[in-house]
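Residue numbers (the UniProt record's numbering): 846 to 1120. Worksheet: the structure to be examined is printed underneath.
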Ligand code: C2E
Ligand code: MG
Ligand code: MG
Ligand code: MG
């Protein structure tokens, strides 16, 4: 086949693309119905406080359990959901689900846990996002101060939007705001100082090679120093090894999450981890 490039190669290539596109359309059609068919699940990944070594809460992450395709990870379906516009109802679903769960844990006598939910760029820029969050908090009775919303740099950097007003609006509800995957986007420091955030989450890609990469060591220590000087809390994502933990603690990082403590797990397993 290598011999027949040119026309034949091109035909092969475009056939492949068509196949991929068809697959995406089919997957998209399935995804649109995932909420109503009750195929979405929430898993919780513990967040640990460096100062005490205790789990203080969790990030809620979405899973799609398809009856015939099995468990599908968000890196495969979240970008698709964004593209076809069903991320908004899906995002509301996980927010409501997480607040309900948080309320149930309080009612069961557990100490107040911080629960973080990811907001997609689309969701964040809906005109009524503050109302949506307020309604869900009211409806579920989950205390606003226990809820944290994670936004990405790309969501904050969308031009022509009232980003800062939106952030202030959410903050007024009493929820905390975290900047997710920090360092992977293009947010400028000039903007960062105007954003009323509570926390920066250092992306896993910067954490992976510490302490062995000098560059990443310097980057992470600079991020932590900068975040602290701006009075943001700092959480390190993707901690898998003791050596990473030791370094991050020494650098003054506040919190971490990662496979070192636990992969994201269903609600009952998360509660078992607290004990
Ligand atoms: P994220 O918000 O940065 O979430 C952290 C991701 O890193 C999770 O992947 C988590 O399982 C993974 N992770 C945490 N610790 C480790 C570690 O030690 N090692 C490794 N290899 N991975 C680790 P997950 O659940 O596959 O989610 C991927 C991304 O999909 C999330 O990244 C987030 O951007 C998006 N996502 C997931 N759930 C939702 C959701 O409900 N709404 C929205 N808008 N996005 C979501
Ligand atoms: Mg996140
Ligand atoms: Mg992240
Ligand atoms: Mg990440």
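Glycine included, C-beta positions come from ideal geometry on N, C-alpha and C.
Closest by C-alpha distance to residue i, when choosing among the options
{"i": "residue 1099", "options": "1070, 987, 1111", "result": "1070"}
{"i": "residue 1079", "options": "932, 902, 894", "result": "894"}
{"i": "residue 1083", "options": "940, 1106, 988, 1118", "result": "1106"}
{"i": "residue 1086", "options": "1026, 1052, 911, 1035", "result": "1052"}
{"i": "residue 991", "options": "879, 1043, 920, 1074", "result": "1043"}
{"i": "residue 890", "options": "897, 896, 907, 898", "result": "907"}
{"i": "residue 977", "options": "871, 1018, 1022", "result": "1018"}
{"i": "residue 926", "options": "970, 870, 916, 1008", "result": "870"}
{"i": "residue 1023", "options": "999, 995, 1008", "result": "995"}
{"i": "residue 941", "options": "896, 920, 989", "result": "989"}
{"i": "residue 905", "options": "896, 919, 897", "result": "919"}
{"i": "residue 1040", "options": "1013, 1073, 1025, 970", "result": "1013"}
{"i": "residue 916", "options": "864, 876, 974, 1009", "result": "876"}
Heavy atom of ligand 2 within 7 Å of residue i beta-carbon
{"i": "residue 963", "result": "yes"}
{"i": "residue 995", "result": "yes"}
{"i": "residue 927", "result": "no"}
{"i": "residue 904", "result": "yes"}
Classification of residue i by the beta-carbon crowding that lies within 10 angstroms, buried from 16 upward
{"i": "residue 914", "result": "exposed"}
{"i": "residue 963", "result": "buried"}
{"i": "residue 860", "result": "exposed"}
{"i": "residue 1111", "result": "exposed"}
{"i": "residue 1104", "result": "exposed"}
{"i": "residue 1090", "result": "buried"}
{"i": "residue 1109", "result": "buried"}
{"i": "residue 1009", "result": "exposed"}
{"i": "residue 896", "result": "exposed"}
{"i": "residue 953", "result": "exposed"}
{"i": "residue 955", "result": "exposed"}
{"i": "residue 903", "result": "buried"}
Same chain only: Cβ atoms within 8 Å of residue i, ignoring 5 sequence neighbours per side
{"i": "residue 850", "result": "With a pLDDT of only 48 at residue 850, under 50, the local geometry of the prediction cannot be trusted, and no value is derived from it."}
{"i": "residue 1062", "result": "1055, 1056, 1092"}
{"i": "residue 901", "result": "892, 893, 894, 958, 959, 1100"}
{"i": "residue 1036", "result": "1001, 1002"}
Closer than 7 Å: residue i CB and nearest ligand 1 heavy atom
{"i": "residue 1026", "result": "yes"}
{"i": "residue 920", "result": "yes"}
{"i": "residue 914", "result": "no"}
{"i": "residue 998", "result": "no"}
{"i": "residue 1030", "result": "no"}
{"i": "residue 1075", "result": "no"}
{"i": "residue 923", "result": "yes"}
Residue i: CB within 7 Å of a non-hydrogen atom of ligand 3
{"i": "residue 1120", "result": "no"}
{"i": "residue 1091", "result": "no"}
{"i": "residue 899", "result": "no"}
{"i": "residue 1078", "result": "no"}
{"i": "residue 894", "result": "no"}
{"i": "residue 1053", "result": "no"}
Inter-residue Cα distance where the pair is residue i and residue j
{"i": "residue 873", "j": "residue 1050", "result": "29 Å"}
{"i": "residue 1059", "j": "residue 1065", "result": "10 Å"}
{"i": "residue 933", "j": "residue 866", "result": "23 Å"}
{"i": "residue 993", "j": "residue 984", "result": "17 Å"}
{"i": "residue 1020", "j": "residue 928", "result": "28 Å"}
{"i": "residue 862", "j": "residue 923", "result": "21 Å"}
{"i": "residue 951", "j": "residue 1116", "result": "12 Å"}
{"i": "residue 1033", "j": "residue 965", "result": "20 Å"}
{"i": "residue 968", "j": "residue 1011", "result": "11 Å"}
{"i": "residue 972", "j": "residue 1088", "result": "44 Å"}
{"i": "residue 1038", "j": "residue 1046", "result": "16 Å"}
{"i": "residue 1007", "j": "residue 970", "result": "8 Å"}
{"i": "residue 1167", "j": "residue 882", "result": "The question about residue 1167 has no answer here: the residues shown for the chain are numbered 846 through 1120."}
{"i": "residue 979", "j": "residue 1030", "result": "28 Å"}
Sequence-distant residues of the same chain with beta carbon closer than 7 Å to residue i, five excluded per side
{"i": "residue 1096", "result": "1065, 1066, 1069"}
{"i": "residue 1119", "result": "900"}
{"i": "residue 884", "result": "909, 910, 911"}
{"i": "residue 848", "result": "Residue confidence for residue 848 is low, a pLDDT of 44 falling below 50, so the modelled location carries little weight; the figure read from the coordinates is stated next. Here the set comprises nothing."}
{"i": "residue 880", "result": "934, 935, 938"}
{"i": "residue 947", "result": "958, 960, 987, 991"}
Own chain, CB closer than 6 Å to residue i, minus 5 neighbours either side, in chain order
{"i": "residue 944", "result": "981, 985, 987"}
{"i": "residue 1028", "result": "1048, 1051"}
{"i": "residue 846", "result": "Reliability fails at residue 846, whose pLDDT of 42 lies under 50, so the model's placement of it is uncertain and no value is given."}
{"i": "residue 1113", "result": "none"}
{"i": "residue 1081", "result": "1047, 1052, 1093, 1098, 1101"}
{"i": "residue 864", "result": "none"}
Contact test: residue i Cβ vs ligand 6 heavy atom, cutoff 7 Å
{"i": "residue 1082", "result": "The ligand content of the structure shown is limited to ligand 1, ligand 2, ligand 3 and ligand 4, which means ligand 6 is not among them."}
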